[in-house]
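Student: My questions all concern the structure below.
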Amino acid sequence: MLVHEFLEGSAARFPDKVALICEGRSLSFLEMEGLANRLSNALIEAGFQRQDRGAIFLESSPEAVVSIFGILKAGGVFLVINPQVKAKKIEYILNDCQVKILITDAKHLMEIREILPGCPSLQSILLADYESLEEKAIENLTIPLNSYCRALKDYPATPPPKRCIDLDLASLIYTSGSMGVPKGVMLTHLNMVSAANSIIEYLENTPDDIIINVLPLSFDYGLYQVLMALKFGGTVVLESSFLYLYKIIDLIVKEKVTGFPIVPTIAALLFKLKNLEGNDFSRLRYLTNTAQALPPKYIDQLQKIFPHTKIYSMYGLTECKRVSYLPPEELKKRPTSVGKAMPNTEVYIVDENGRKITRPGEIGELVVRGANVMAGYWNLPEETERVLGPGPIPGERVLYTGDLFKMDEEGFLYFVCRKDDILKVAGERVSPKEIENTLYELDDVLEAAVVGVEDEILGKAIKAFVVLKKSSSLKENDIIRLCSKRLESYLVPKYVEIREELPKSFHGKTAKKELG
Amino acid sequence: MDQLNKERQKDIKGILRGFISETFLPSAGLDAFADEDSFLEKGIIDSTGILELLEFIEEKFKIRVEDEEIVPDNLDSLDKLTSYIQRKVGYAGP
């Protein structure tokens, strides 16, 4: 199966059902299928070849979703660039994977117009809002500008002939690499279809589901919300941000949303609202969380706001999309676990010598085996070699996640930390995660991040950065004292720094590299 | 709008611009963004930033921001934020 067949299948089964709702506009499956076909016919006519790359630089919108499918149907590889990415980085990405077609709008084009002459592979720019473009503002641009709207009008809604097999690439997802250079994760149709199938299976999605997606489409977690809903025939409510959270709450109630994917930052924002309990969330069937674990305190608070909603704690990485999920009924019993491998995926933990660990509690690197494991990093054979290692069948490759895990007696997985994050303090192996969890247990702590800092005596010393409630009167020393009541002495932070906020990455993860 | 209201509006806007520039764009200077720029689209305010902004306006202008007021129409530019606060503190009409 190919990724764009998600849409084709649903358009055949539920032609008139609403596929997408965005800012008051809605599109049926058949309308979306028609638009994607028109776009793909236009791209093919313009010389777009099988496996050419097409980049989408737009806010989350129906145009962005249609573009994804238009590129796929033309046999191409799509990449979604976060609208907040700066021009320099975009230039790097466009050149790295030799993007041939860029789909954007006038406003975003203006932000990157200076770098475009430095992107020789670009053959055409499609503007989603051609009319509003002031031509004189980009007079030096030699790359032809074309109208997305006109392409949709001028080309037929009949599907183009199939150009791909499922081993072809469907998408490149750029993630931050070491040294700040982004890496393109290569995902085949088979990778994406496999991951989508597994997730849909454990979330028990049906065509009755209505999913709200507030996460960027450049983030695999956000992207898959749309892909999966199109596959199982549900409806997606698309929002370009979760910043103004009440709008989201309002939509959840009004659109009778059944699925709400979040990251911990969204939970933190939710807790700021004053009267959440007054809303009717009875239709909300599930919440999912990934990217960073929910502190146990958050889980209790969420369950209070959404008493009828199942909460799924999940773990994954872009290189294989998703790895594991905790069945919601286990959440009370093991709130810090990310569960077991998702359907059709196998995981195991290996020690430093690559031998499988079977003893509960022992820490090692998590290895993932499944059809969802990426084909590699674009143009980076050495980096690929480092994470894709040999598996049980000769010639197959499995994913070494670089994440340290342990298992309990019943085989449930616990994230310990990134392999690179583990701190050696006075000869002991220390997991920042464990200390962060302890900090989160303190009532006044809103956010916590633990890093290692150089120390003459200890080698590395533990330093904790915390954000406290405004009302808190805790001082640095109080926090150290409270930690020493709860942690073995070698785990107690030597330094504590209270901050107004912690640096964050695009997707709301704490950017630890900027601390310390 | 009478003269008094105009001045009040200028005050509110000035206070807000000062806070936003110092807190979110410390190295960019006071004129780093236009009155009508969307905080969201320009990436001026992120998810932690919005919390700080809400706390700041509640404290500074002694208002209570209700849940249903946390929407882009009230908060997503200096202009929108200023008129929202004006409405809340009751300076808007004659």
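Protein chains in written order, with this note's numbering: chain A, 1 to 516; chain B, 1001 to 1094.
Backbone N, C-alpha and C fix where the C-beta goes; we use that ideal spot for every residue, glycine too.
Keep in mind the model is a prediction, meaning the values are calculated, not measured.
1. Compute the Euclidean distance between the alpha carbons of ARG486/A and THR336/A, then round it to the nearest angstrom.
2. Would you tell me roughly how many angstroms separate the C-alpha atoms of THR358/A and ARG386/A, rounded to the nearest one?
3. Within 8 Å, do at least three Cβ pairs link the segment 307-316 of chain A to the segment 279-286 of chain A?
4. Quick one: Cα of LEU1040/B to Cα of SER171/A, how far?
5. Can you give me the C-alpha to C-alpha distance between VAL80/A and GLU239/A, rounded to a whole angstrom?
6. Excluding five sequence neighbours on each side, which residues of the same chain lie with their C-beta closer than 6 Å to the C-beta of PRO216/A?
7. For the candidate residues ILE363/A, ASP52/A and LEU20/A, whose alpha-carbon lies nearest to that of VAL531/A?
8. If the cut-off is 8 Å on Cβ atoms, which residues from the segment 254-273 of chain A count as contacting chain B, listed in chain order?
9. Is any beta-carbon of chain B found at less than 8 Å from that of LYS475/A?
10. Does the segment 361-378 of chain A come into contact with the segment 341-352 of chain A, if we say contact requires no fewer than three beta-carbon pairs (one atom in each stretch) closer than 8 Å?
11. In chain order, what residues of the same chain lie with their CB nearer than 8 Å to the CB of ARG163/A, ignoring the 5 residues before and after it?
12. Between which residues of its own chain and TYR1084/B is the CB-CB distance below 6 Å, once the five residues before and five after are set aside?
13. So which residues of chain B does ASN275/A contact, with C-beta pairs closer than 8 Å?
14. To which residues of the same chain is SER1077/B closer than 8 Å at the C-beta, ignoring the five residues directly before and after it?
15. Verify the CB distance criterion: does LYS136/A have a CB-CB separation below 8 Å to chain B?
16. Taking the beta carbon of ALA511/A as the centre, do at least 16 other beta carbons fall within 10 Å, making it buried, or is it exposed?
17. Ignore the nearest five residues each way along the sequence and tell me which others in ASP421/A's own chain have a CB closer than 7 Å to its CB.
18. Given a threshold of 16 other Cβ atoms within 10 Å of its Cβ, counted over all protein chains shown, does LYS463/A qualify as buried or as exposed?
19. Helix, strand or coil, according to DSSP, for LEU243/A in the structure here?
20. Buried or exposed: SER324/A, going by 16 or more other Cβ atoms within 10 Å of its Cβ?
21. Output the residue ranges of the beta strand (DSSP E) runs that lie fully inside the segment 53-110 of chain A and measure 3 residues or longer, sorted by chain position.
22. With the cut-off set at 8 Å, would you say ALA128/A and LEU94/A are in Cβ contact?
23. Can you name, in chain order, every residue of its own chain whose Cβ lies under 7 Å from the Cβ of LYS136/A, other than the five neighbours on each side?
24. The alpha helix (DSSP H) that contains CYS22/A, what's its start and end?
25. Report the residue from ASP444/A, LEU145/A, PHE29/A and GLY459/A whose alpha carbon sits nearest the alpha carbon of ARG113/A.
26. Flag ASP1046/B as yes if its beta-carbon sits less than 8 Å from any beta-carbon of chain A, otherwise no.
27. By the criterion of Cβ-Cβ separation under 9 Å, what are the contact partners of ILE1075/B in chain A?
28. Return the residue from the list LYS89/A, GLU59/A and VAL492/A that minimises the CA-CA distance to ILE103/A.
29. Anything in chain A within Cβ reach of GLY1043/B, meaning under 7 Å, just list it in chain order.
30. Residues of the segment 338-357 of chain A in Cβ contact with chain B at a cutoff of 9 Å, in chain order, please.
31. Is there a Cβ from chain B that is less than 8 Å from the Cβ of LYS470/A?
32. Run through chain B and tell me which residues come within less than 7 Å of LYS463/A, C-beta to C-beta.
33. When the distance is taken between beta carbons, is ALA229/A closer than 8 Å to ARG38/A?
34. Strictly below 9 Å CB to CB, what residues from chain A border PRO1072/B?
35. Less than 6 Å between C-beta atoms, sequence neighbours within five positions excluded: which residues of the same chain meet that for GLY1049/B?
36. By the 10 Å Cβ neighbour count, where 16 or more other Cβ atoms means buried, how is GLU1058/B classified, buried or exposed?
Tutor: Taking the structure as given:
1. Distance between the alpha carbons of ARG486/A and THR336/A: 17 Å.
2. For THR358/A and ARG386/A, the distance between alpha carbons rounds to 24 Å.
3. They touch, by the three-pair rule.
4. C-alpha of LEU1040/B to C-alpha of SER171/A: approximately 27 Å in a straight line.
5. In this structure, the alpha-carbon of VAL80/A lies about 16 Å from that of GLU239/A.
6. When the five nearest sequence neighbours on each side are left out, the beta carbons in the same chain lying within less than 6 Å of the beta carbon of PRO216/A are those of ASN82 and GLY222, in order along the chain.
7. The question about residue 531/A has no answer here: the residues shown for chain A are numbered 1 through 516.
8. Here the close residues are THR265, ILE266, ALA268, LEU269, LYS272 and LEU273.
9. Not one chain B Cβ lies under 8 Å of LYS475/A.
10. Cβ pair count under 8 Å is three or more, so yes.
11. Excluding positions up to five away in sequence, the list reads ARG50, ALA74 and GLY75.
12. Contacts found: ASN1074.
13. Ordered by position in chain B, the residues that pass the 8 Å Cβ test against ASN275/A are GLU1066 and ASP1067.
14. Excluding positions up to five away in sequence, the list reads ASP1035, GLU1036, ASP1037, SER1038 and PHE1039.
15. Summary for LYS136/A: the model assigns pLDDT 46, below 50, so the residue's position carries little reliability; its value from the coordinates is reported in the next sentence. Among the CB atoms of chain B, none fall inside 8 Å of the CB of LYS136/A.
16. With fewer than 16 neighbouring CB atoms inside 10 Å of its own CB, ALA511/A falls in the exposed class.
17. Around ASP421/A: PRO432.
18. Answer is buried; the Cβ neighbour count reaches 16.
19. Here LEU243/A sits in coil by DSSP.
20. SER324/A is classed as buried because its beta carbon has at least 16 other beta carbons within 10 Å across all chains shown.
21. Within the segment 53-110 of chain A, the runs of beta strand (DSSP E) at least 3 residues long that lie entirely inside it are, in chain order, 53-57, 77-80 and 99-104.
22. When the beta-carbon positions are compared, ALA128/A and LEU94/A stay at least 8 Å from each other.
23. Since pLDDT at LYS136/A reaches only 46, below the 50 mark, its modelled position is unreliable, and the value read off the structure follows with that caveat. Excluding sequence neighbours, LYS136/A sits near nothing in its chain.
24. Looking at the DSSP string, CYS22/A is not in any alpha helix (DSSP H); the run it does join, the beta strand (DSSP E), is 18-22.
25. Per the Cα distances, LEU145/A.
26. At least one chain A Cβ lies under 8 Å of ASP1046/B.
27. Going by the sequence as given, residue 1075/B is Leu instead of Ile. Per Cβ cutoff of 9 Å: LEU243 and TYR244.
28. Among LYS89/A, GLU59/A and VAL492/A, the Cα nearest to that of ILE103/A belongs to GLU59/A.
29. Correct list: GLN84.
30. Residues of the segment 338-357 of chain A with a Cβ closer than 9 Å to any Cβ of chain B: none.
31. At least one chain B Cβ lies under 8 Å of LYS470/A.
32. Here the premise fails: no neighbours, minimum Cβ distance about 20 Å.
33. In this structure, ARG38/A lies away from ALA229/A, with their beta-carbon atoms at least 8 Å apart.
34. SER241, LEU243, TYR244 and LYS247, listed in chain order.
35. So the list reads PHE1024, once near-sequence residues are dropped.
36. With fewer than 16 other Cβ atoms inside 10 Å of its own Cβ, GLU1058/B counts as exposed.
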